[in-house]
Structure formats: C-alpha cells, structure tokens
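Engineer: Sharing a structure with you now.
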Amino acid sequence: MIYFDNAATTKPSANALSKAAVYLTEQYFNPSAMYREGFELHKKLKETREKLLSFVADPSLFELIFTSCGTESDNTAIFSSARRGNAVTTQGEHAAVQNSFSELKMRGIETRFASLKRDGSVDEEHLLSLVDEKTSLVSIIHVNNETGAINDVNAIAKKVKVKNPRAIVHVDGVQAFGKLPYRLSKDVDFYALSAHKIGGVKGTGALIKKKSLHLNPYLIGGGQENGLRSGTENLFGIQTLFFAAEEKYQDRERKYREMTEKKAILLSRLSDQFVPIANGSPYIASFAVKGVRGEILLHKVNDLGLIIGTGSACSSNAKKRYSRVILSCGYDEKAADGVIRLSFTDDTTAEEMEQAADILREQAEILKEELK
Amino acid sequence: MKKVIIVRYAELFLKGKNKGYFERMFVMNMEKSLKGVKHEIRRVSGRYLVEGFEEDQAEEVLSRLQKVFGTHTLSVALVVPTNAENIFEAAKELCKENGTFKVDTHRVDKSFPQSSMEFSAWLGGQLLALHPNLRVDVHKPDFIINVDIRENGVTMVFSDFIQGAGGMPVGTAGKGLLLISGGIDSPVAGHMIAKRGMKIECLHFHSYPYTNLQAKEKVEDLAKIIASYNGGDIVMHCVSVTHIQETIHKNCTEDYMITLLRRFMMRIAERVAKEVGAQCLITGESLGQVASQTVEGMTSSNAVIEDLPVLRPLCGFDKNEIIERSRAIGTYETSILPYEDCCTVFLPKFPVTKPKMKDVLAEEAKLDVDALIEEAMLTYETIEL
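In structure tokens:
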C-alpha cells in the first residue's frame, strides 16, 4: 500500500509513540495535583511546552497553549480576536477558518475575503486593500491544505501591521508546521498547529500566541494552560506531538530539499493529462486531471493499493461537488471536477513516487478512454 | 403506579378462519420490535397488553410499537387495584388542570357497586372539585379520562388514543423485493407495501468506482430504517452494474443509457427475487417524474420481466406527497444526503422519454445481454441488517 493522503492525517511515528507510551501506562497522574507524582508531570509539561515552542518561535516573545486539534486552535484565536469592526481572511482557507468567519458574520462582524491568484496563494495587494483602521483580525493560511500553495505569512503580517498596528494576525499553520523551514516573526500574533499531521496522534493541537496579547479562553473550567484552555491536559498526546515534532525539525532544511526532489520525480513521470494546480509545498501535489472525475480515479487507484485524496465529491449538487478553493484559484468547474491531491511525509520514498505516478498515469488514461 | 400499553389492532378482525395466523404474526412482530427491552405481551379480550417494562422505558416501548404494522391505536394506561379511591388517584395523574373533559367508564366487572354512568359522574365531580378551571363537555371534550374496570380486580385508566401504523402484520402477505436506490422514493414505496403485510427484502445496484462507499452506506442506513417497519430486520442484496454501464456507454446511443440500464436492472432483480423466494418486485417509480418513468419507459423495462408482478405504489403520487410520507416514516433526512446512487458521469444530456420498443431492441442488440448479467451476478452480495 502506498499512502499519499498525509495532509488528511499521518501514520503516527513509532518512535514518538514508544517514547510517549509511559505517559499512558505509568505517568497517568493529573498534572494539576498537589502530590509529587502530579507535580513532576506539571514540570514535564512546562519543559515540553518550551521545547516545542522553540522549534518555530522565540520563547521570550511567544507562549504555547495545548488544545485538542487544529480546529480548536483556529476557533480560539478567531473568536477571541474578532470582536469589533471587520475581519479579513482569504478565499483559500480550511473549513475551520472559513466556517468560523461565517459564524463571525452571524454575530455581526463584517467579514472580508481576499481573492487567490492562479497558483493558489493569496493576492496580497487585494488582501491589504481590505485591511483598514477598523480591522480587528486578519487570518491567513500558511500552506493551503488542498493545493499546497504557500503564503509568505511573515511578509504579509508585516504589511498588515504597517496599515493597522492594532489588527491581530492569525496564521493557520496546520499544513506548514513540521514541514516548512519557518520561524514566527514578531508581526504574527497567533499560529495554529495540529499533531496528527506530522506523526502525532489525533486529539492534540496547539495554539502559539504572542505573550503580550490578551486571549479570551474558548473553554472555561479548572484553569489549566494558564487559564487559557481548561480541561485536564492530554499528556500522552502532548508528548507524542513533541517527539514527532523533534524528529521533523531535525535537519528540516535538508528534508525539505529532499522532498522537493522526490516531488519532482512524481511530476516528471505523469503525463500532461495531469495539470499541476499550485507549485507550493513539496508535501502536497494537487492536479486537475483532464477528462476524469477526481473521485472515480481515487476509487480506481484505491483498488490498486494507492491511497490519494480528492478535492471534489461525486455529487450532482454543485455547491457540495466543487472545491470552493479550486474555483477561487480561477479554475472552471470542469477542471475542478478532476482534482486530486497527493500528500507526502519525509518517509515517502522515490520508489513510491515512481510507482504511484505509473498507477495514476495508467488509470487516468483508461478512465479517459472509458468515459469518452 | 404500574404502567401498561394497550395495543388495539387494525384490520385483523376482518379475517375469518385465518385470524389465528394473522395474530401470531402480529405478536411475533411486536416481540421483534421490542427486542432488547424487558417486556411481556398478553392478549386480553380482543387486544394486547404490553407490560413489565421499566417505567422510564414507556416512551421507547410506545414509539417502537407505533411502527408495527397491524396496530390501530395504542394507549398508555395506569393500572390500579379496583376501588374508587385508587381510580381517582390514577385519574388525577392524567387529568389536565383546565379545558373541557368527560369521563368514560367501561365496566366489565359487574360486581363493581356503581353503574358506569354513576361512576363517571362521581369521578367527574371529584376532578371538577380538584381543578376549578375544568369544565365538562360530553360532546366535544378536549380530553377524555377512560376508566376500564376489568373482571380480574384491576382497573386501567388512560387518556389518549395514539395512532398506530395501521395496515397488516408484516409477513402475512408474502415477500417482495424492493429496488432501492438511495433516493427519496424507494424507501417510501417499500414502507407502503410492508404496510399491507409484505415482508420486504432490498436490492441495491451500485456503480463503484463511479459511485462511492458512502453512497452504499447511505442505502444501508435507509434499509435499516425500513427494517423497523419490516418486523425488525431486513436483508439487502447488492449487485454492481459498473461494467454494464461502461459497456452501454461504449456501444450504444447515449440517450438510451437509462432505458437500457433499467432493463438490465429488472432482469437481475427478477433473477434475485426468484432465488430468495420473493413473489414480486417493488419500485419507487412515480408516473412521469423523470424521463425513464413515463409509461413508455415502464413498458420498456417491464417487457423483460418473465413472471413476477411489479408493484409501483407511488405511481399516483406527486413528489411533495412522497416527500411528506418520507418525512413521516423518518427516511427523508437520510435520503437527501448528497451521495449519488448512479454516478452522473453516465447520465445522458437528453435521455429518451418515450422509447420505442423497436429502437430499444435495436440498441440492446449491440450488447451480449446474458453475458453481462452473468458477469454482474459475480458481484452479488447479501447483507443482513
């Protein structure tokens, strides 16, 4: 089996699992408890928090809050920040942000959406033109989950702050964390990440926030995470996230380079029936396949042991069928119908790329013939 | 106070010598629908009493029994040892504080000292004294307190007559094979025929990889809802028509895709029906609803059936009438989930609405019908839900 849907979720790292297992089996105490066993875990949690944060940010400027998932991190940042005036985001956001903006609108906040360029990244000029003195929040996806398009979030954040220093900048970093060589600049206020996209387990995420910034907690209760996110800490999930991230951030630049090379192998073996949608993150390859419906190709290659993702569903309901992100990039419905997404991890091999390319090329050709 | 549910049955009283058989099926279906809930069913003078359940399960027992075909009305009754004071206590529980009412006493136990009329008047007076805003109206009361004084020293007191599912006990009218697509219509058709006492099995055609696994799961979910009306269980048969569709697409005129496909489906359906002992086919076709459901379309698909009747209970219904029924039986929300039963890639832009038999046969002659059916039957699978 070749698993090429790592943007949906990844296989948990065996190394991280085995290192973290002790927090399930023996170190099960409540970190908030007063006895020594609990207190030791409290200290461990503090240490882990600092180390994890230091992979991408300056711990003297930023702090990190553990959450249950990327969606919770996004929601926490958005609903805490957008409390007046208008909120600005892009047309290329994950549902966790897109639908939160729909909710903001319901709550009476004006929402503004910046258009995308053909390569899937946000049109910076348009985005900046939407920011004014009444903007309370600007939310930008770092790497788009469907196309892999990268936004230069530090640069955009800087320009946003020039226009309105009071606007809060949130970055959805779920598809970038552990993959892109990147550090948060001082202009970024919030950064959301998720454990299971990088070899951790489902049920753990984190929100990095500027220390000086006020945050309205989304969950209220026992006062864990400095009162910013109540609920007994999921120490196993947190430790698994840390160990997985530690692996990822070792030789990050080299791994990124290698991934770029491996992706090039795949691209070179596919026919021109496969039109690449964006040339962004090497961890995601998105194509509009000519003359084929993405989901049908997904099923065909599934039966041959290749697992891929798709941007469209086999539905006659246009609203549900076409990806709004792909349409926003300027592709027509016919092209959007044939969108597939392949997504990788550092463990993906060149051989897998070759095999997958061959299966895809052949099946797409057969399908095109059958449906002619 | 002990609660029981009184079940009154519908048309069974019309049956003569067969009545015993119908009643046995009815009890069996009630038993099946109450699987997993502690209960006892007793037959008492022309109706059934369901008792012995935990008090907090009364609602669940009631809602399950409401789906059993053959049920006319149901009532949740309080049971007390017969004496005026006990009956008054039970009536107090059921009595509302305002509006109009009357008391209806039915006295089987003739040793009870008062006559029915006298007791109704006494009990009504007690309740009026308790709630000053109540008024008596014997012609059109807002609610009725029914008092049923039984011969064995107990009395049942109840207020509402709750509408049951009606119809005949499932299993008393043989077995039919329902062609189920995943849309709104076919589950409603299945429900209507099950209502007349027919045990339903389902046949679903899918086109994987052109349709997805979720679409099939959706049909399973629909079948499970029908199962609750079908004596608690249902068998679903599945056959892939992918290769048939591909072959038609390759060889025949595009406009005939649906017409030809339906003929294949009917042939396969009759074959499956005979294998599983079903005595008819049931479809959700409604006259003129879509291109293939014209009388010409039905003629074309019916022509391949050898022996079995094809029941099309929805033929005279409008779409919104079907939707209404679908909501009432609880299949609508599942039916409208956005998964396709038959992938739109093969849908012709202009399907023939009035296929001429001559043309249909000419198109079909381009295909090896028997071989395609044999091949499709290799994908045959059965799921018990």
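Chains as they are written, first to last, in our numbering: chain U, 1 to 372; chain B, 1001 to 1385.
For every residue, glycine included, the Cβ atom is placed at its ideal position computed from N, Cα and C.
A quick note: this is a predicted structure, and the numbers were derived from the prediction, not measured.
#1: Evaluate U/F177 with the Cβ neighbour count: other Cβ atoms within 10 Å of its Cβ, from every protein chain shown; 16 or more gives buried, anything less gives exposed.
#2: Which of the three DSSP states is assigned to U/N86 in this structure?
#3: Name the residues in the segment 273-302 of chain U whose C-beta lies less than 7 angstroms from a C-beta of chain B; which are they?
#4: Given a threshold of 16 other Cβ atoms within 10 Å of its Cβ, counted over all protein chains shown, does U/E63 qualify as buried or as exposed?
#5: Would you say B/E1220 faces chain U, with C-beta separation under 7 angstroms as the test?
#6: Check the DSSP bridge columns for U/L137 and list the partner residues they point to.
#7: Less than 7 angstroms between the C-beta atoms of B/N1029 and B/V1068, yes or no?
#8: Rounded to whole angstroms, how far is the Cβ of U/G200 from the Cβ of U/A244, which I believe are closer than 8 angstroms?
#9: Classify B/L1177: buried if its beta carbon has 16 or more other beta carbons within 10 angstroms, exposed otherwise.
#10: Taking only beta-carbon atoms, is B/Y1380 less than 7 angstroms away from chain U?
#11: So if DSSP puts B/M1156 in a beta bridge, which residue, or which two residues, is it bridged to?
#12: Can you name, in chain order, every residue of its own chain whose Cβ lies under 6 angstroms from the Cβ of U/D189, other than the five neighbours on each side?
#13: So with Cβ pairs under 7 angstroms, would you call U/E369 a contact of chain B?
#14: Return the residue from the list B/H1243, B/E1011, B/C1095, B/L1361 that minimises the CA-CA distance to B/L1134.
#15: For a test of your reading of the model: does the CB of U/Y218 fall under 6 angstroms from any non-hydrogen atom of the ligand ZN? Yes or no.
#16: According to DSSP, what are the bridge partners of B/L1378?
#17: Checking 7 angstroms against the spacing of the C-beta atoms, do U/P282 and U/T310 come in under that value?
#18: Chain U partners of B/Y1210, CB-CB under 7 angstroms?
#19: Looking only at its chain, what residues have a beta carbon closer than 8 angstroms to the beta carbon of B/K1110, apart from the 5 residues adjacent to it on each side?
#20: Rounded to whole angstroms, what's the CA-CA distance from U/E26 to U/I238? Just pull it up for me.
#21: So which residues on chain U does B/E1217 lean against when the C-beta distance must stay under 8 angstroms?
#22: Can you check whether the C-beta of B/E1375 is within less than 7 angstroms of a C-beta belonging to chain U?
#23: Which parts of the segment 207-249 of chain U are runs of the alpha helix (DSSP H), unbroken and 4 residues or longer, counting only runs that do not cross its ends?
#24: Just list the residues that DSSP pairs U/A288 with in beta bridges.
#25: With a CB to CB cut of under 8 angstroms and the five nearest residues on each side skipped, what residues in its chain are close to U/A33?
#26: Anyone know if the C-beta pair for B/V1304 and B/M1266 falls short of 7 angstroms?
#27: Residues in its own chain within less than 6 angstroms of B/T1242 by CB, not counting five upstream and five downstream?
#28: Using a cut-off of 8 angstroms between C-beta atoms, extract the partners of B/E1384 located in chain U.
#29: Kindly indicate the opening and closing residues of the alpha helix (DSSP H) around B/S1116.
#30: Write down the C-beta distance between B/R1047 and B/I1006 rounded to the nearest angstrom, noting that I regard them as a contact closer than 8 angstroms.
#31: Can you check which of these residues, U/I65, U/R49, U/N302, U/A8, is closest to B/L1399 by C-alpha distance?
#32: In the DSSP assignment, the beta strand (DSSP E) including B/I1234 goes from what residue to what residue?
#33: Which of helix, strand or coil does DSSP assign to B/L1203?
#34: Interface residues of chain U around B/E1055 at Cβ under 8 angstroms?
#35: Closest Cβ-Cβ distance between B/E1254 and chain U: below 7 angstroms?
#36: Going residue by residue through the segment 1287-1359 of chain B, where are the continuous alpha helix (DSSP H) segments of at least 4 residues, counting only ones entirely within it?
Structural biologist: With the given structure in hand:
#1: buried
#2: strand
#3: R293, E295, I296, H299, K300
#4: buried
#5: no
#6: U/A87, U/I168
#7: yes
#8: 4 angstroms
#9: buried
#10: no
#11: B/V1079, B/D1148
#12: I168, V169, K210, L213
#13: no
#14: B/C1095
#15: No copy of the ligand ZN appears in this structure; indeed no ligand is present at all.
#16: According to DSSP, which records beta bridges pairwise, B/L1378 is partnered with nothing at all.
#17: no
#18: I296
#19: none
#20: 16 angstroms
#21: Those within 8 angstroms of B/E1217 in chain U number zero; the least Cβ separation is about 14 angstroms.
#22: no
#23: 235-249
#24: U/V275, U/V339
#25: F39
#26: yes
#27: S1207
#28: Those do not exist, as B/E1384 stays about 26 angstroms from chain U at its closest Cβ, beyond 8 angstroms.
#29: 1116-1130
#30: 6 angstroms
#31: With chain B running from 1001 to 1385 in the structure shown, residue 1399 of chain B is simply not present.
#32: First-last for B/I1234: undefined, no H or E at that position.
#33: strand
#34: Chain U residues near B/E1055: none, gap ~35 angstroms exceeds 8 angstroms.
#35: no
#36: 1295-1302, 1319-1329, 1332-1335
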